[in-house]
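The structure appears right after this line, and notes come after that.
Protein chains in written order, with our numbering: chain A, 1 to 212; chain B, 1 to 299.
Set out below in structure tokens:
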């Protein structure tokens, strides 16, 4: 079994329901996110549109975070999930530095690394991840990539040409796919970050750096 | 590719809550800097004892103490950088051997053990045994100084840190810092020939490190757009342009010139100035190279 995620960006409307569901389910502290939806505005007024891209851990087959972790706090589960053992983590932040997707953060409360686990605890009880349940338009498709009859496998078959991953050049083989994505949504270098353009400015963050 | 479409798409991020700030801060700079000195003086002492044994025979104990102090500084700052420092022992109980951090911890611990032995042997004036142990310590100093390069190479997200360039930079940093520190430590006890050797090592290490940095600066951008975006932080009006060039001048360019001047004028003072500049500049250079890839948003 190899569990994977697929997000159909044609369907996502940026409601952030998945973000909130994840926060509640996993008790993610203030100023940190296991899952977040990035907004990118494209075009010039009046020809503009807003794109929405949910970003979470890609549960890579060749995960740099798992490789760099000195104590195996980051480890693979048999179902392909890259899980984290917060009790073992020493907080070296090597995984944060290694992840090309910016999906790992230092939990300001526990001072350990944390990230999306595809709700491994729910999956173990045969439940869907919280974000999948919360999505009002079923933009999040979750399932077994090894099973050709699973929803995700069927979706990939139907949308073959349009299935993409983030940063394929990194060789991480992500188990997280996007349909309807493009350079602007998936490549951080394809958009600018200009002061004053953010919907929320002066965001207060807890000292995620912890002891620093 | 991404850069070319920016003008057409006018794409602007209007909401993203990316990981804030610098993940590996100045503590890691001090870590690398102290390790360069701690391993470098051992490598240089090993060379000097073979090339100029009479000149450095009294430097066994001071060098071993300096290496011991700086490796402890390195370990202290490594510990301080951990968010859960009291779990450091997990590395020895639950090691993952795919991680450069785990290998580095084991090797640095063994290196520290050998340094304690060297201090003891030097204090007891058991020079013959000291020299035998020094051989193994010098051999171990090489992977100890290189492991950070392996760690940086394992940071898949930071395209700027490439192997084998980082390996070369780490070993050159150790030779630069080791020769510089030995110039200051040896002082007037060193013979002219020994000072000459140290000056050559210092000057050539600075030259080679400078060439690698300039190669990255000029050609790195031609290889990958992520590297180009990172190098932009040290070009033009980039936030780290001044610090980058300050580091290059203090760590490499001025020491190279001062080494040449000291050889021409047979001046110890100029050689010592080159050594001080190299040590100060190395910290600046390492800091810039550590920070700039962290400025790039990953999402």
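Where is the CB? At the ideal position from N, CA and C, for every residue including glycine.
Taken atom to atom, the span from the alpha-carbon of residue 122 (chain B) to that of residue 61 (chain B) is near 5 Å.
Listed in chain order, the non-local C-beta contacts of residue 270 (chain B) below 6 Å within the same chain comprise 258, 261, 262, local neighbours out to five positions each way being set aside. Each residue's CA atom was taken as its position, placing residue 172 (chain A) and residue 252 (chain B) some 37 Å apart.
Here DSSP, grouped into helix, strand and coil, assigns residue 70 (chain A) to coil.
Contact check for residue 77 (chain A) and residue 54 (chain A): beta-carbon distance about 22 Å, past the 8 Å limit, so the pair fails to qualify. Secondary structure note for residue 50 (chain A): its beta strand (DSSP E) is the uninterrupted segment 47 to 55. Contact between residue 166 (chain A) and residue 26 (chain A) does not hold, since the beta-carbon distance rounds to 22 Å and is not under 8 Å. Distance between residue 49 (chain B) and residue 104 (chain B), taken at the CA atoms: about 27 Å. The beta carbon of residue 233 (chain B) sits no closer than 8 Å to any beta carbon of chain A. Comparing C-alpha distances from residue 288 (chain B) to each of B:160, B:266, B:255 shows the shortest one belongs to B:160. Excluding its 5 nearest sequence neighbours in each direction, residue 226 (chain B) has C-beta neighbours in its own chain below 6 Å: 159, listed in chain order. Around the beta carbon of residue 56 (chain A), 16 or more other beta carbons sit within 10 angstroms, so the residue counts as buried.
Residue range 140 to 144 is occupied by the beta strand (DSSP E) that includes residue 141 (chain A). Beta-bridge partners assigned by DSSP to residue 4 (chain A): A:143.
Taken in chain order, the members of the segment 172 to 199 of chain A whose beta-carbon sits within less than 8 Å of a beta-carbon on chain B are 172, 183, 184, 187, 188, 189, 190, 191, 192, 193, 194, 197, 198, 199. Taking 7 Å as the Cβ-Cβ cut-off, the segment 85 to 117 of chain A approaches chain B at 88, 89, 90, 91, 92, 93, 94, 96, 97, 98, 99, 100, 101, 102, 105, 106, 111, 112, given in chain order. One finds 156 in chain B with Cβ atoms closer than 7 Å to the Cβ of residue 170 (chain A), taken in chain order. A residue is called buried once 16 or more other Cβ atoms fall within 10 Å of its Cβ, and residue 293 (chain B) is buried on that count. When the beta-carbon positions are compared, residue 151 (chain B) and residue 73 (chain B) stay at least 8 Å from each other. Secondary structure of residue 164 (chain A) (DSSP, three-state): strand. Listed along the chain, the chain A residues whose CB falls inside 9 Å of the CB of residue 95 (chain B) are 70, 71, 72. The continuous beta strand (DSSP E) containing residue 179 (chain A) extends over residues 176 to 179. Under the three-state reduction of DSSP, residue 118 (chain B) is assigned to helix. Annotated three-state conformation of residue 65 (chain B) is helix, per DSSP.
Collapsing the DSSP output to three states places residue 90 (chain A) in coil. By alpha-carbon distance to residue 174 (chain B), the top candidate from B:157, B:148, B:93, B:215 is B:148. In the displayed model, residue 246 (chain B) falls within a helix according to three-state DSSP.
Residue state for residue 63 (chain A) is assigned as coil, using DSSP reduced to three classes. DSSP, reduced to helix, strand and coil, places residue 131 (chain B) within a helical segment of the structure shown. Between residue 9 (chain A) and residue 180 (chain A), the C-beta spacing is below 8 Å. Under a 10 Å Cβ-count criterion, residue 77 (chain B) is classified as buried, with 16 or more other Cβ atoms of the shown protein chains found around its own Cβ. DSSP places residue 83 (chain B) outside both helix and strand once states are collapsed to three, so it counts as coil. Within the DSSP secondary-structure output, residue 44 (chain A) pairs in a beta bridge with A:47. When Cβ-Cβ separations below 8 Å define contact, residue 76 (chain B) makes no contact with chain A.
With a cutoff of 8 Å on beta-carbon distance, residue 64 (chain A) and residue 162 (chain B) are scored as not near each other. Residue 144 (chain A) is positioned such that its CB atom lies closer than 8 Å to that of residue 1 (chain A).
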